[in-house]
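Peer 1: Its first residue numbered 196, the sequence shown is counted upward by one per residue in this note's numbering. Right, I'll just put the structure down here and ask away after.
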Amino acid sequence: MTTKRVIAVFGSAGLRDRAKRAMMAEISTKLADLTILTAEDPRTESLDGILEEMASAARREGGVEGVTFFRIPDRGKAIQFAVNQAQEGDLVAAFGKGHEQSMCFGTIEYPWDDRTAMRAALASRLKVPGPAMPELPTSKE
Numbered sequence: 196m197t198t199k200r201v202i203a204v205f206g207s208a209g210l211r212d213r214a215k216r217a218m219m220a221e222i223s224t225k226l227a228d229l230t231i232l233t234a235e236d237p238r239t240e241s242l243d244g245i246l247e248e249m250a251s252a253a254r255r256e257g258g259v260e261g262v263t264f265f266r267i268p269d270r271g272k273a274i275q276f277a278v279n280q281a282q283e284g285d286l287v288a289a290f291g292k293g294h295e296q297s298m299c300f301g302t303i304e305y306p307w308d309d310r311t312a313m314r315a316a317l318a319s320r321l322k323v324p325g326p327a328m329p330e331l332p333t334s335k336e
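If you want it as structure tokens, here you go:
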């Protein structure tokens with residue numbers, strides 16, 4: 196797919212498959228050049244707690260926070276950060292949300308679309324017209 200860097204953006208859903216969190220972070224630390232840990236339906240679980248579990252696993256695998264992996268709670272900001280880090284030939288991929296049209300914080304579903312977020316991030320990076328970045332409760336932090 197690319198001969199350059201792979202930049203992965205993903206999170207882990209709250210109240211779901213907790214055991215997979217460490218595994219996902221470890222695999223990304225091994226296979227991606229840059230990993231951005233972010234929100235993915237935290238539900239009523241602490242987003243900071245979810246991200247800490249994943250960051251701990253990344254560190255155990257040799258990841259260095261601020262160098263090979265980053266924690267950016269707001270998914271829009273995480274996608275924008277990933278796109279801004281990309282250089283010619285790099286592959287940026289956001290995983291986990293796919294076609295889903297919302298993200299759950301607490302018990303509220305907020306409108307969200309990774310495709311729109313990626314288009315907004317690319318438009319911002321390229322300084323061309325594009326959609327607005329969708330907002331989440333974490334957008335104001």
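Note that the Cβ used here is the ideal one computed from N, Cα and C, for glycine as well.
Looking at C-alpha atoms only, which residue of 315, 228, 318 and 296 is the closest neighbour of residue 261?
Peer 2: The candidate whose alpha carbon is nearest that of residue 261 is 228.
Peer 1: In the DSSP output, which residue or residues are listed as bridge partners for residue 303?
Peer 2: DSSP output for residue 303 lists 300 as bridge partner(s).
Peer 1: Give me the residue from 325, 271 and 230 with the minimum Cα distance to residue 297.
Peer 2: Comparing Cα positions, the closest option is 271.
Peer 1: Could you tell me which of 218, 287, 217 and 269 sits nearest to residue 328, measuring between CA atoms?
Peer 2: Of 218, 287, 217 and 269, the residue nearest in Cα terms is 269.
Peer 1: Can you list, in chain order, the residues of its chain whose CB lies under 8 angstroms from that of residue 288, leaving out five sequence neighbours each side?
Peer 2: Taken in chain order, the residues that qualify are 201, 202, 203 and 204.
Peer 1: Identify whether residue 267 lies in helix, strand or coil by the three-state DSSP scheme.
Peer 2: It is coil, neither helix nor strand.
Peer 1: What number of angstroms, rounded off, separates the C-alpha of residue 325 from the C-alpha of residue 207?
Peer 2: Between residue 325 and residue 207, the C-alpha separation is close to 28 angstroms.
Peer 1: For residue 258 and residue 323, I'd like the C-alpha separation in whole angstroms.
Peer 2: Going by the C-alpha atoms only, they are around 34 angstroms apart.
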